Amino acid sequence: MGLRAELCVFLIGLSFLLLLMSGEGRKRGSFKQSVGVCSNQTLVVPLRYNESYSRPIYKPYLTLCAGMRVCSTYRTTYRVAWREVRREVRQTHTVCCQGWRKPHPGALTCEAICSKPCLNGGVCAGPDQCECAPGWGGKHCHVDVDECRPSLSLCSHGCLNTPGSFACSCPHPLLLGPDGRTCAAGPLQPSTSASILSVAVREAEREERTLREVAELRVRLDRLEQWAAQAGAWVRAVLPMPPEELQPEQVAELWGRGDRIESLSDQVLLLEEKLGACACEDNSLGPNLHG
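Going by mature numbering (1 follows the signal peptide of the UniProt record, and there is no 0), the letters in the sequence shown line up with residues -25 to -1, 1 to 266, in that order.
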């Protein structure tokens, strides 16, 4: 079956090729020709091929009927069979003009051929004819168009040519308008005297903030000096002699006494906590246990 199918496909292709070469096809109308198409024909191609189908086969056989009689009947089975089919197929054939080609085999349109590619966004619109994008020119769209030449006057004032485009500029104090080509007067600028006054006001406000910070620092310094004087008086009252007359060994002895005093205070605090705990335990025993 696989060999037969391949043989049928080969015969179909061969018959179609012979039909085109011998001119046996009949012209049946034409399509509306597009750009670059020289002829557009519809051919009727006769085809012959084999197809498969299910063929019924009737087989007789004997069976036992009612009354213990033997009857003759038949059953139907089906087998795969092959048959030859003849039909006509319409084929459309397009021929491109010189300088044009099909974008892909079997296409019904043609596109232009440019020996050199069109650059900078250009499109091949005809045989060796490029349709360039704005800002570019030349046969292959490789030449930059100077939009700033005097004959164009695209900008109302200054003009700067760029690759494929241009840019307009305006002299001071004019500004470039929304269209990007004309210049217009900008918003009014504040006078010089007003600017100087605003600067002076800002400087005065800055100096005022600085003065407030200095005043706050002076108040804090006075508080620190008062605290230092009180602390110094207390130290002089506790020490047996002025601090400036103390020797190093005397300072060490005073430091040790301070440690001992702190240790004694911790012991007293511990004893107070224990006495409070004992008092709580005695009260918890109740009045009947003391008599």
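Built from N, CA and C at the ideal position, the CB exists for glycine as well.
On a predicted model such as this, the values are computed, not experimentally measured, just so you know.
C-alpha distance - His117 paired with Asn95, whole-angstrom precision: Mapped onto the sequence shown, residue 117 falls at position 142. Mapped onto the sequence shown, residue 95 falls at position 120. Straight-line Cα distance between these residues: approximately 7 Å.
Per-residue burial, Cys13 [other beta carbons within 10 Å of its own, 16 or more giving buried]: If you number the sequence shown from 1, residue 13 lands on position 38. Cys13 should be labelled exposed.
Runs of beta strand (DSSP E) wholly within the segment 7 to 80 (minimum 3 residues, chain order): Counting only runs of 3 or more, we get 12 to 40, 44 to 71.
Rounded C-alpha distance that separates Thr84 from Glu63: Residue mapping note: residue 84 aligns to position 109 of the sequence shown, counting from 1. Residue mapping note: residue 63 aligns to position 88 of the sequence shown, counting from 1. The C-alpha of Glu63 is placed about 25 Å away from the C-alpha of Thr84.
For Val10 and Cys105, the rounded distance between their alpha carbons: Looking up residue 105 in the sequence shown gives position 130. Looking up residue 10 in the sequence shown gives position 35. Looking at the two C-alpha atoms, the distance is approximately 15 Å.
Which listed residue (Pro148, Ser144, Gly161) has its alpha carbon closest to that of Gly155: Working through the sequence shown from its first residue, we reach residue 155 at position 180. Ranking Pro148, Ser144, Gly161 by Cα distance to Gly155 puts Ser144 first.
Outcome for Ala87 when other beta-carbon atoms lying within 10 angstroms are tallied against a minimum of 16: As a first step, residue 87 must be located in the sequence shown, where it is residue number 112. Per the 10 Å Cβ criterion, buried.
Through-space distance from Tyr53 to Gln20, alpha-carbon basis: Along the sequence shown, read from residue 1 onward, the residue named residue 20 stands at position 45. Along the sequence shown, read from residue 1 onward, the residue named residue 53 stands at position 78. Here residue 20 is Val; the residue named in the question, Gln, does not match the sequence. Rounded to whole angstroms, Val20 to Tyr53 spans 34 Å at the Cα level.
Delimiting residues of the beta strand (DSSP E) encompassing Thr84: Counting from one through the sequence shown, the residue named residue 84 turns up at place 109. Looking at the DSSP string, Thr84 is not in any beta strand (DSSP E), and its letter there is neither H nor E.
Reduced DSSP category for Ser173 - H, G, I as helix; E, B as strand; rest coil: Along the sequence shown, one-based indexing puts residue 173 at 198. Three-state DSSP puts Ser173 in a helix.
Neighbourhood of Glu188 by C-beta, 7 Å cutoff - its chain only, sequence neighbours within 5 removed: Within the sequence shown, numbered from 1, the residue matching residue 188 stands at position 213. Closer than 7 Å at Cβ, skipping near neighbours: no residue.
Backbone CA spacing between Leu150 and Thr185 [nearest angstrom]: Along the sequence shown, read from residue 1 onward, the residue named residue 150 stands at position 175. Along the sequence shown, read from residue 1 onward, the residue named residue 185 stands at position 210. For Leu150 and Thr185, the distance between alpha carbons rounds to 41 Å.
Beta-carbon proximity of Arg58 to Asn15, cut-off 8 Å: The residue given as residue 58 occupies position 83 in the sequence shown. The residue given as residue 15 occupies position 40 in the sequence shown. Cβ distance not < 8 Å, so Arg58 and Asn15 don't count as in contact.
Cβ-Cβ separation, Gly97 to Ala108 (assumed contact under 8 Å), whole Å: Here the question's residue 108 lines up with position 133 in the sequence shown. Here the question's residue 97 lines up with position 122 in the sequence shown. Contact holds; Cβ gap of about 6 Å.
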